[in-house]
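Okay, so here's the structure we're looking at.
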Amino acid sequence: MHVLFSRSQETGVTYVQFPTGAAVLVDKDGKPVTCKP
8 MHVLFSRSQE
18 TGVTYVQFPT
28 GAAVLVDKDG
38 KPVTCKP
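Per the numbering used here, the sequence shown starts with residue 8, numbered consecutively.
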């Protein structure tokens with residue numbers, strides 16, 4: 008199992024990539040962020 012965490016220093020948003028290919032963004036409060044393409 009490999010989970011990739013990538014945090015933006017500017018916004019405090021953390022990008023989490025799961026082995027299944029699913030990805031989620033959470034803000035500095037740990038709440039999910041919806042991102043528009």
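Positions of the beta carbon are idealized from the N, C-alpha and C atoms, including for glycine.
Where do the ends of the beta strand (DSSP E) carrying F12 lie? L11 to R14 is the extent of the beta strand (DSSP E) around F12.
Nearest-angstrom Cα distance between F25 and H9? Roughly 7 Å between the two C-alpha positions.
Range covered by the beta strand (DSSP E) that runs through V31: Here the beta strand (DSSP E) through V31 covers A30 to V33.
Distance, D36 Cα to V23 Cα: Each residue's Cα considered, the two are about 14 Å apart.
Hey, could you find the ends of the beta strand (DSSP E) V23 is sitting in? Unbroken beta strand (DSSP E) run through V23: T21 to Q24.
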